[in-house]
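Below: the structure, in structure tokens.
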Amino acid sequence: MPSARHILIVNSRSVHQPVFVVGAPHSGADLIGRALKASAGFHVTIGQPSVLRTVYAFARRPSMYQGRAQAAATVIRDAFAQGWQVTPSSCLECTRECRAAAGLSAGAVGPCVELRGLETFGDASPDLIYCAEALTYAFPDARIVQLIRDGRDVVASMLADPVVMSWYRPSFVNVDTEFPNPFFGIEAEEDRDQWPRLSPAARCALRWRWSVRLAARLHHSLPTGQLKTIRYEHLLSKPDEALADLSRFAGTAVQTAEIRNEARIARARSRHRRGPGYEMTLSTEDVTQIEKIAGEELRRLGYAP
Ligand SMILES: [Zn+2]
Numbered sequence: 002m003p004s005a006r007h008i009l010i011v012n013s014r015s016v017h018q019p020v021f022v023v024g025a026p027h028s029g030a031d032l033i034g035r036a037l038k039a040s041a042g043f044h045v046t047i048g049q050p051s052v053l054r055t056v057y058a059f060a061r062r063p064s065m066y067q068g069r070a071q072a073a074a075t076v077i078r079d080a081f082a083q084g085w086q087v088t089p090s091s092c093l094e095c096t097r098e099c100r101a102a103a104g105l106s107a108g109a110v111g112p113c114v115e116l117r118g119l120e121t122f123g124d125a126s127p128d129l130i131y132c133a134e135a136l137t138y139a140f141p142d143a144r145i146v147q148l149i150r151d152g153r154d155v156v157a158s159m160l161a162d163p164v165v166m167s168w169y170r171p172s173f174v175n176v177d178t179e180f181p182n183p184f185f186g187i188e189a190e191e192d193r194d195q196w197p198r199l200s201p202a203a204r205c206a207l208r209w210r211w212s213v214r215l216a217a218r219l220h221h222s223l224p225t226g227q228l229k230t231i232r233y234e235h236l237l238s239k240p241d242e243a244l245a246d247l248s249r250f251a252g253t254a255v256q257t258a259e260i261r262n263e264a265r266i267a268r269a270r271s272r273h274r275r276g277p278g279y280e281m282t283l284s285t286e287d288v289t290q291i292e293k294i295a296g297e298e299l300r301r302l303g304y305a306p
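Position one of the sequence shown corresponds to residue 2 (this note's numbering), numbered consecutively onward.
See the structure below:
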């Protein structure tokens, strides 16, 4: 059940239909976040400290919020009320990606957005996906953009990303104390039992599988006008088509320059190889493991026969 109508005011503007971008790591949510941030009338934050604190609280200790939807919604609204403030020094504490997307230099102070013409608030912080369901409760009119990508490519990219892989440090892993554990994709007893024996690729596959199952739940719980699913592969093969569709959904002309450029690079790379990209980096054993863990999800999305 959605929460009671709650009006959040930021910089004397009421937050109306905020846009949130979610996806598994390396699924293109960062690309879409930057494109929306550069679009007219949009104020998209990427990694404001108040938001990241909340995201990781939800990701790491989901049990803290279980059955306490109202409290969770309040925590989330407070985090964004702070994160979206536009002040002369806002964005100073944001991630480097946020400042870069706003055209600010790494250490620059300054608002990453013009107050004039600001109509829509949004957020594309890393790992925002772990708050997705709570976001729709905190902001019943929220619009969610979710990114989907072939799990084998996602795993290949995760394995090559030291930041993502650092989450698997034994000192950080809390699969024994937190169950179920969305952050590590552990939903059933069986997942927890097999966890100690899983390869890094299989552990990444669990995280991807969780994101796909979440996508299915969002699809069932949100009306079409509030959820846009974008396939990474479609975004890079037909960027103009995908972005025109996103522009209609977001109600603004979404900036296309960076994504068109990425698409060009991806096309050039794929001309130089046979077969799918993940085959360059994943072993046959890795692929077998991923398909064993997430075969059903890969098939459902049409990525595997
Ligand atoms: Zn920022």
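Cβ atoms here follow ideal geometry from the backbone N, Cα and C, with glycine treated the same way.
**Asked** Where does the unbroken beta strand (DSSP E) through D124 begin, and where does it stop?
**Response** In the DSSP assignment, D124 falls within the beta strand (DSSP E) that extends over T121 to D124.
> Is the closest heavy atom of ligand 1 to the C-beta of I33 under 7 Å?
Replying inline: Answer for I33: no, Cβ out of range of ligand 1.
Please state the DSSP three-state secondary structure of I10. Strand, per DSSP.
Under 6 Å Cβ to Cβ from I8, same chain only, skipping five residues before and after it: list those, please. Hits under 6 Å: S15.
- Item | Where the alpha helix (DSSP H) through V52 begins and ends | Residue range P50 to R61 is occupied by the alpha helix (DSSP H) that includes V52.
As a quick exercise: from F180, S106 and F81, pick the residue whose alpha carbon is nearest that of L93.
Out of F180, S106 and F81, S106 has the C-alpha closest to the C-alpha of L93.
Note the first and the last residue of the continuous beta strand (DSSP E) segment covering L228. It spans L228 to R232 - the beta strand (DSSP E) in which L228 sits, taken as one unbroken run.
Notebook entry, point to check: Beta carbon of V56, beta carbon of L129: below 8 Å?
Noted result: Taking 8 Å as the Cβ cut-off, V56 and L129 qualify as a contacting pair.
One question on the structure: do W196 and V155 come within less than 8 Å of each other, judged by their Cβ atoms? Taking 8 Å as the Cβ cut-off, W196 and V155 do not qualify as a contacting pair.
Requested in this report: Specify the secondary structure class of L148 as computed by DSSP and reduced to three states.
Outcome: Correct three-state label for L148: strand.
For G123 and V45, believed in contact at Cβ under 8 Å, the rounded distance: A Cβ-Cβ separation of about 4 Å places V45 in contact with G123 under the 8 Å criterion.
Cβ neighbours of Q83 in the same chain (closer than 7 Å, five flanking residues each side left out): Take Q83, set aside five residues on each side of it, and the residues of its chain with a beta-carbon closer than 7 Å to its own are S51, in chain order.
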